[in-house]
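Each remark here refers to the structure printed beneath this line.
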Amino acid sequence: MAYEVKGVVARSKGAPVTVETIIVPDPGPGEAVVDVQACGVCHTDLHYREGGINDEYPFLLGHEAAGVVAAVGEGVTNVAVGDFVILNWRAVCGECRACRKGQLQYCFNTHNATQKMTLADGTELSPALGIGAFVEKTLVHSGQCTKVDPAAPATAAGLLGCGVMAGVGAAMNTGAVQRGESVAVFGCGGVGDAAIAGAKLAGASTIIAVDIDDRKLEWARGMGATHTVNSRETDPVEAIKAHTGGFGVDVAIDAVGHPKVFEQAFYARDLAGRVVLVGVPTPDMQLTLPLIEVFGRGGAVKSSWYGDCLPSRDFPMLIDLYLQGRFDLDAFVSETIGIDDVETAFEKMHEGEVLRSVVVF
Numbered sequence: 001m002a003y004e005v006k007g008v009v010a011r012s013k014g015a016p017v018t019v020e021t022i023i024v025p026d027p028g029p030g031e032a033v034v035d036v037q038a039c040g041v042c043h044t045d046l047h048y049r050e051g052g053i054n055d056e057y058p059f060l061l062g063h064e065a066a067g068v069v070a071a072v073g074e075g076v077t078n079v080a081v082g083d084f085v086i087l088n089w090r091a092v093c094g095e096c097r098a099c100r101k102g103q104l105q106y107c108f109n110t111h112n113a114t115q116k117m118t119l120a121d122g123t124e125l126s127p128a129l130g131i132g133a134f135v136e137k138t139l140v141h142s143g144q145c146t147k148v149d150p151a152a153p154a155t156a157a158g159l160l161g162c163g164v165m166a167g168v169g170a171a172m173n174t175g176a177v178q179r180g181e182s183v184a185v186f187g188c189g190g191v192g193d194a195a196i197a198g199a200k201l202a203g204a205s206t207i208i209a210v211d212i213d214d215r216k217l218e219w220a221r222g223m224g225a226t227h228t229v230n231s232r233e234t235d236p237v238e239a240i241k242a243h244t245g246g247f248g249v250d251v252a253i254d255a256v257g258h259p260k261v262f263e264q265a266f267y268a269r270d271l272a273g274r275v276v277l278v279g280v281p282t283p284d285m286q287l288t289l290p291l292i293e294v295f296g297r298g299g300a301v302k303s304s305w306y307g308d309c310l311p312s313r314d315f316p317m318l319i320d321l322y323l324q325g326r327f328d329l330d331a332f333v334s335e336t337i338g339i340d341d342v343e344t345a346f347e348k349m350h351e352g353e354v355l356r357s358v359v360v361f
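Each residue of the sequence shown is one higher than the one before, starting from 1 at the first, in the UniProt record's numbering.
As structure tokens, this is what we get:
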């Protein structure tokens with residue numbers, strides 16, 4: 001029997017989102033239905049609404065979610081009814097060329113549910129990142145469910161589903177920050193602050209936060225930044241070198257996704273340092289760097305996909321660290337809201353007033 005629930009839909013480019021009746025089918029083979037308890041409002045959802053991902057409207061928005069498994073389909077063994085899970089958009093296939101090389105964090109063929117959720121009139125919905133979680137129940141592939149300790153509140157746990165994991169992973173996985181190293185993070189929104197928290201977890205001794213907003217720089221200090229630089233007032237490259245004996249940092253992380261910011265990150269690193277791009281650029285952006293500088297500085301220039309995470313490995317670990325008091329996920333939750341408040345949350349996010357608004361069901 002299908003479920004009839006309420007969810008947040010983007011019907012057309014730029015139009016305000018609406019709360020509508022969603023039909024969620026019973027799970028088929030390999031699928032699961034999850035009672036969503038909380039879902040963060042991520043900038044990616046706004047990208048979907050604005051047509052920045054694709055034009056497969058209408059979209060069922062929401063993807064940073066945690067909840068409880070309500071039903072499973074035939075053949076599902078990794079989760080059971082009643083399990084507390086975080087939803088992810090990297091349900092590894094185990095068969096693609098990345099998986100065959102043992103690099104599951106780069107899986108090129110991640111699983112989604114086969115069936116479609118629909119509007120009441122039968123119109124098929126495109127779920128954001130294959131999840132669609134601004135809804136009371138959602139249908140996903142069972143591999144998109146990662147079981148974690150239910151002692152963690154859904155408001156905190158769900159944030160690992162996207163932005164926080166992307167930032168933490170950019171530092172710990174892609175950037176491979178080591179104890180005693182120096183790190184600079186450009187852009188102190190949710191992903192950038194998560195990168196700062198990840199660098200702190202990894203044992204970085206110097207963590208430099210860069211932004212144009214003093215309010216965000218104050219948030220960054222709360223996440224573990226040892227120094228802050230307002231790049232509207234100060235040349236960030238020179239400021240970073242001044243904090244690192246004139247050398248630059250071991251790891252520079254661009255959490256903005258803009259050519260000018262990436263160029264600053266590139267020049268702010270030490271010789272043989274690593275540059276990590278985790279901010280998402282727009283398709284029209286172009287980057288020009290002197291090739292001799294790319295060669296002469298050595299090191300590595302890397303893109304970070306979802307923090308190069310493996311949900312089955314990283315989500316439980318980070319939840320354990322949270323429950324031990326070593327990783328403050330609650331600090332990312334600026335406010336909790338209802339399902340009718342998503343449009344207002346987009347406005348607050350655009351204005352930089354919040355790290356994360358979290359929809360609670």
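Ideal placement from N, C-alpha and C gives every residue a C-beta, glycine not left out.
Item                                                                                                                            : Value
Identity of the residue in 28, 36, 130 and 231 nearest residue 90 by Cα                                                         : 130
Run of the alpha helix (DSSP H) containing residue 265, from where it starts to where it stops                                  : 259 to 267
Residue 163 and residue 40 closer than 8 Å at C-beta                                                                            : yes
Inside the segment 161 to 204 only - alpha helix (DSSP H) runs reaching at least 4 residues                                     : 163 to 169 and 190 to 202
Residue 215 classed as buried or exposed, judged by whether at least 16 other C-beta atoms fall within 10 angstroms             : exposed
Residue 241 - DSSP class collapsed to helix/strand/coil                                                                         : helix
Residue 89 CB to nearest heavy atom of the ligand FAD below 7 Å                                                                 : This structure does not include the ligand FAD; it has no bound ligands of any sort.
Cut-off 8 Å between Cβ atoms - residues of its own chain near residue 352, not counting five sequence neighbours on either side : 189, 213, 215 and 216
Three or more C-beta pairs below 8 Å linking the segment 268 to 280 and the segment 169 to 189                                  : yes
Among 84, 107 and 339, nearest to residue 94 - alpha-carbon criterion                                                           : 107
Beta strand (DSSP E) runs contained entirely in the segment 77 to 107, provided each spans 3 or more residues                   : 84 to 87
Buried versus exposed, by CB contacts within 10 Å (16 or more), residue 84                                                      : buried
Between the CA atoms of residue 306 and residue 20 - distance to the nearest angstrom                                           : 29 Å
Outcome for residue 196 when other beta-carbon atoms lying within 10 angstroms are tallied against a minimum of 16              : buried
Where residue 298 falls, given that 16 or more other Cβ within 10 Å makes a residue buried                                      : exposed
One or two residues paired with residue 321 in a DSSP bridge                                                                    : In DSSP, residue 321 forms no bridge with anything.
Residues of its chain near residue 116, where Cβ-Cβ distance is below 7 Å and the 5 sequence neighbours each way are ignored    : 124 and 125
Residues that DSSP places opposite residue 3 in a beta bridge                                                                   : 24
Distance, residue 11 Cα to residue 350 Cα                                                                                       : 20 Å
Residue range of the unbroken beta strand (DSSP E) whose run includes residue 209                                               : 206 to 211
Residues near residue 265 by beta carbon distance below 6 Å, same chain, minus five either side                                 : 186, 252, 254 and 275
Buried/exposed call for residue 313, threshold 16 Cβ in 10 Å                                                                    : exposed
Inter-residue Cα distance where the pair is residue 74 and residue 250                                                          : 49 Å
Among 225, 61, 263 and 233, nearest to residue 286 - alpha-carbon criterion                                                     : 263
Sheet register partners of residue 126 (DSSP bridge)                                                                            : 59
For residue 272 and residue 339, the rounded distance between their alpha carbons                                               : 47 Å
Residue 9 versus 23, 282 and 160, residue with shortest Cα-Cα distance                                                          : 23
C-alpha gap between residue 235 and residue 319, whole angstroms                                                                : 37 Å
When 157, 341, 182 and 2 are compared against residue 70, the one with the closest alpha-carbon                                 : 2
Contact with chain D by residue 343, beta-carbon distance below 8 Å                                                             : In summary, chain D is missing from the structure at hand, where a single protein chain is found.
Candidates 51, 18, 31 and 35, of which the one nearest residue 283 by Cα                                                        : 51
Collapsed DSSP secondary structure at residue 44 in the structure displayed                                                     : helix
Whole-Å CB distance - residue 66 paired with residue 38, under 8 Å assumed                                                      : 6 Å
C-beta atoms of residue 200 and residue 208 nearer than 8 Å                                                                     : no
Reduced DSSP secondary structure (H/G/I, E/B, other) of residue 111                                                             : coil
Reference residue 35; option with closest CA among 360, 68, 150 and 226                                                         : 68
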